[in-house]
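The opening residue of the sequence shown carries number 37 in this note's numbering; numbering runs sequentially from there.
Below: one structure, written as C-alpha cells.
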Amino acid sequence: MKLEVLLSPELLAARAADFFTAELERKPKLTVLVATGNTPMLTYAELERRVQRQELDCSSLTAVQLDEYLGLPESDPRSLYGWMNRSFLEPLGISKVIRFDPNLEPDPACTQFEAEVARAGGIDLAVLGLGPNGHLGFNEPPSNPQSVTRALELTPESLSSNAAYWGELPVPTHALTAGMNLILAARRVLLLVSGAHKRDVLSRALEGPQTPSLPASYLRDTDLTVLADIEAARGLK
Ligand code: GLP
C-alpha cells in the first residue's frame, strides 16, 4: 500500500488526476470503476480541464458504474448513473460504459453486469471513495471479500450520509453495488479520502483488523494507493 498525504482537497485532486493520467497513458483502453459521492468531484473536474486542453484523451476507456439506487428512473436527480454521466462520462467524452441495466430486475441486472466486466477483462483501475461506515460502493458492513455484485438494503449510516447529496429528497433505501469480488480483483485501486469526518474510518481501514464489518479494510490486499488530505490523515499513526 502507498499512502500520500496532500495538504488540501485541491492538491489531492491534482495528484489523483496525475495518477489517472499516467494509468491512461500506459493503457488507453483502461477499464475504470468510477465512484460518485462528493470526494472524487474535484478530481473529475481537473480531468475535464485536461481533456479541454487536449492533454488527455479518454475516448478509448471503458467506465464501469460502481453503484446505483433501486427504484429510481435515470431522469431522477438522485440516480447515481445520472451523477456519473454529468460529472465523468459527458465531460470526459466517454461513450463505453458498463452499467446496471435499468430495464432489468435487480438479480439479472447484477448477473449481466458481472458478465460484462468479465468480458472486458476485469477492472484495471478502481477509483473509490470511502464510506463513513467503511463501505465501498454500497458494500455495506458486513461484507466479506467474496461478496458478489448484488442488491441490498442500505444501513442507517449510509442513508444519513447520502442525505446530504440532494437536500430535501429522501434517500432510496435499497441499492445495487459492484461486488467486493470485482473491487478486490482490480489491478490497481485509487482510494480518495478527504475531510476530518473520514479520519476515524480511514485509520481503522488502514491500521485496524481486516474484517467484514469494515469492508474497506480489505483494500490492503490490493495494489492500493491512498490519497488522503491532511484533515483525513491526521488520525493515522
Ligand atoms: C457513498 C457511495 C460511495 C461513495 C462513498 C463516499 O455512499 N455509495 O460510492 O464513494 O459513499 O462518499 P463521499 O465521497 O460523498 O464521502
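Just so you know, even glycine gets a beta-carbon here, dropped at the ideal spot from N, CA and C.
Remember, predicted model here, so these are calculated numbers, not experimental data.
Take residue i and list the residues in its own chain whose beta-carbon comes closer than 8 Å to its own, dropping the five residues that flank it on each side.
i    : result
N180 : M216 and P248
S239 : G271, L272 and K273
Y117 : Q101, E104, E110, R135, F136 and P138
V237 : L166, G167, P168, N169, G170, L250 and A252
L47  : D265
Q246 : S253, Y254, R256 and D257
E243 : L272 and K273
Taking the alpha-carbon positions, what's the residue i to residue j distance?
i    : j    : result
R51  : L263 : 8 Å
P138 : E59  : 30 Å
G170 : S115 : 22 Å
H210 : A156 : 27 Å
T191 : P144 : 23 Å
G73  : A151 : 25 Å
L83  : E126 : 12 Å
S96  : A53  : 17 Å
C146 : A81  : 29 Å
T98  : I130 : 7 Å
P142 : I159 : 21 Å
M37  : L108 : 37 Å
Short check: CB of residue i to CB of residue j, under 9 Å?
i    : j    : result
L172 : L164 : yes
L106 : L212 : yes
E193 : A232 : no
F56  : L226 : yes
F149 : V70  : no
L220 : D257 : yes
A269 : V229 : yes
L39  : T261 : yes
Quick check on DSSP: helix, strand or coil for residue i?
i    : result
Q323 : Nothing about residue 323 can be reported from this structure: the residues present for the chain run from 37 to 273 only.
K132 : strand
K38  : strand
R224 : strand
T67  : strand
V237 : helix
A50  : helix
R114 : coil
N169 : coil
V101 : A small fix is needed here, since residue 101 is Gln in this sequence, not Val. Correct three-state label for Q101: strand.
N274 : No answer is possible for residue 274: it lies beyond the span of the chain, which begins at 37 and ends at 273.
L125 : helix
D259 : coil
E267 : helix
V229 : strand
Sorted by chain position, which residues of the same chain lie with C-beta nearer than 7 Å to residue i's C-beta, five sequence neighbours on each side aside?
i    : result
W202 : P113 and R114
Q43  : Note on identity: in this sequence residue 43 is Leu, with Gln being the wrong assignment. Once the five neighbours on either side are set aside, the close Cβ partners of L43 are I266.
W119 : T72
S183 : N175, G215, M216 and N217
R128 : Looking at the sequence shown, residue 128 is not Arg but Leu. So the qualifying residues of the chain are L83, E84, V87 and C94.
Can you name, in chain order, every residue of its own chain whose Cβ lies under 6 Å from the Cβ of residue i, other than the five neighbours on each side?
i    : result
F174 : D103, A211 and T213
A199 : V207
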